[in-house]
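Enquirer:
Residue numbers (this note's numbering): 2 to 377.
1) What is the residue span of the beta strand (DSSP E) that residue 191 lies within?
2) Let me know the beta strand (DSSP E) ranges lying completely inside the region 309-356, each 3 residues or longer, listed in chain order.
3) From this set, 207, 195 and 10, which residue's C-alpha is nearest residue 346's C-alpha?
4) Spatial neighbours of residue 255 within its chain, please: C-beta separation below 6 Å, excluding the five flanking residues on both sides.
5) If contacts are defined as beta-carbon pairs under 8 Å, then residue 15 and residue 164 qualify, I think. What distance do you get, rounded to the angstrom?
6) Residue 11: buried (16+ other C-beta within 10 angstroms of its C-beta) or exposed?
7) DSSP puts residue 80 in a beta bridge; with which residues?
8) Check whether the region 271-288 touches the region 242-257, counting contact only when three or more Cβ pairs, one atom from each stretch, lie closer than 8 Å.
9) Taking contact to mean 3 or more Cβ pairs, one atom from each stretch, closer than 8 Å, check whether the region 110-119 and the region 146-165 are in contact.
10) With H, G and I counted as helix, E and B as strand and the rest as coil, what does DSSP make of residue 5?
11) When the Cα atoms are used, what is the spatial distance from residue 81 to residue 372?
12) Would you identify the three-state DSSP class for residue 265, choosing helix, strand or coil?
13) Thinking C-beta only, is residue 46 closer than 8 Å to residue 264?
14) Mind checking whether residue 248 and residue 190 have CB atoms under 8 Å apart?
15) What separation, rounded to the nearest whole angstrom, lies between the Cα atoms of residue 104 and residue 124?
16) Determine the burial state of residue 95: buried for a count of at least 16 other Cβ atoms within 10 Å of its Cβ, exposed for fewer.
17) Relative to the alpha-carbon of residue 367, which residue among 286, 232, 352 and 269 has its alpha-carbon at the smallest distance?
18) Expressed to the nearest angstrom, what Euclidean distance is found between the alpha-carbon atoms of residue 361 and residue 271?
19) Hey, which unbroken runs of the beta strand (DSSP E) at 3 residues or more fall wholly within the region 52-136?
20) Name the one or two DSSP bridge partners that residue 365 has.
21) Select from 251, 60 and 284 the residue whose C-alpha is nearest the C-alpha of residue 269.
22) Out of 137, 41, 79 and 58, point me to the one whose CA is closest to residue 97's CA.
23) Near residue 349, what residues of its chain come up, given a Cβ to Cβ distance below 6 Å and the 5 sequence neighbours on each side ignored?
24) Report back the beta-carbon spacing between residue 157 and residue 150 to the nearest angstrom; my notes put them in contact at under 8 Å.
25) Is there contact between the region 135-149 and the region 205-225, where contact requires at least three CB pairs shorter than 8 Å?
26) Can you tell me which residues form a DSSP beta bridge with residue 45?
27) Return the CA-CA distance between residue 146 and residue 229, expressed in angstroms with no decimal places.
28) How should residue 108 be labelled, buried or exposed, when 16 other C-beta atoms within 10 angstroms of its C-beta is the threshold for buried?
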């Protein structure tokens, strides 16, 4: 039942294995990459309590030992202090350039550990073992690594591809419903940006996957990874087409900064879902897509019990002008101009800087009131 997606990047190519039981198979799959039978594993405290022993057992079957470091869970860990802690711990463990570092966890751990591996000894190989839906479908694939700073999200980082990704879909059973739904924000993004048929499949089967259906979950993860792998292979360092993967993220990153990366108020995938809804509302307002499309997007997100509007975020938010200023720190700004991923319809996304900010302001204000904003 294990599916494999190949990320074709020449000398940096790697496989993404998808399916249940991969933690138990980890030793057999990682062993061919090792020069010596030892690994350094970095996780967060919650994930380590659930899955570290299963990974250890899987490695021991091949005679591979591990040393481990567990960090606090949460977005705040993706920061300078913990990057320093991880790098110094890896040096204390005498990790060499020929060794492998394993990131066992969600997107925070994957991004942080990947960045530490990128800068340690000018580059050490690492393996992603993503344990959240968001990490399995998005952040573990493609080589984007980094940390957050006061000025914004992911502004310090590097492109550093993993040597292997093991997406054990069985571990998704341990996710809290809210964490699963947050990951689903990245899943629905793929259908919205480039695969209308996949979005239609999600409308029918998304609830079945959320309820735990294994075959639906495997398909959902595999199709998401396939789409990302295809785009990354064509545009590894985001010079063009890869920017499509940021659908919803310009809005999302501003909202995350506005909530001070407080996961109790807003998880990344929840911000992506809100951002996708806003991107389609903005597209309709600018006459780029039919006015029915944003309603369809919002209806599906509501069916999946997702956050859809600014109105759904607990607590006060900055005013819309301040949110737009926060967007100005986004990595997609070019020559001082904001770039948005908008859509001509479901599955037809494109990147543009030709967006009047008064339209953005109006869409944000409508979302603050919990309503779509479609026409001028």
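Glycine included, each C-beta is placed from N, C-alpha and C at the ideal position.
Expert: Considering the structure as presented:
1) From DSSP, residue 191 is part of no beta strand (DSSP E) but of the alpha helix (DSSP H) over 178-195.
2) Runs of the beta strand (DSSP E) spanning 3 or more residues and lying entirely within the region 309-356 occur at 341-344 and 350-353, in chain order.
3) Shortest Cα-Cα distance from residue 346 to any of 207, 195 and 10 involves 195.
4) Closer than 6 Å at Cβ, skipping near neighbours: 324, 327 and 328.
5) Separation of the CB atoms of residue 15 and residue 164 is rounded to 6 Å, and the pair is thereby assigned contact status at 8 Å.
6) Exposed, because fewer than 16 other Cβ atoms sit within 10 Å of the Cβ of residue 11.
7) Per DSSP, none; premise fails for residue 80.
8) The region 242-257 and the region 271-288 touch, with three or more beta-carbon pairs separated by less than 8 Å.
9) Touching, yes, given that three or more Cβ pairs across the two stretches are closer than 8 Å.
10) Residue 5 sits in a strand when the DSSP states are folded into three classes.
11) Cα-Cα distance, rounded: 38 Å.
12) Three-state result, residue 265: coil.
13) In this structure, the beta-carbon distance from residue 264 to residue 46 does not fall below 8 Å.
14) In this structure, residue 190 lies closer than 8 Å to residue 248 by Cβ.
15) Cα to Cα, residue 104 sits roughly 15 Å from residue 124.
16) It is exposed - the Cβ of residue 95 has fewer than 16 other Cβ atoms within 10 Å.
17) Among 286, 232, 352 and 269, the Cα nearest to that of residue 367 is on 286.
18) Approximately 19 Å, taken between the alpha carbons.
19) Residue ranges of uninterrupted beta strand (DSSP E) with 3 or more members, entirely inside the region 52-136 and ordered along the chain, are 66-72, 101-106 and 126-131.
20) Note: residue 365 is not bridge-paired with any residue in the DSSP secondary-structure output.
21) Minimum Cα-Cα distance from residue 269 among the listed residues 251, 60 and 284 corresponds to 251.
22) The shortest C-alpha separation from residue 97 is found at 41.
23) Taken in chain order, the list of residues that qualify is empty.
24) Confirmed, Cβ separation roughly 6 Å.
25) When Cβ pairs closer than 8 Å are counted between the two stretches, the region 135-149 is seen to touch the region 205-225, the count reaching three or more.
26) Its beta-bridge partners are 72.
27) Straight-line spacing of the CA atoms in residue 146 and residue 229 works out to 15 Å.
28) Buried, by the Cβ-count rule.
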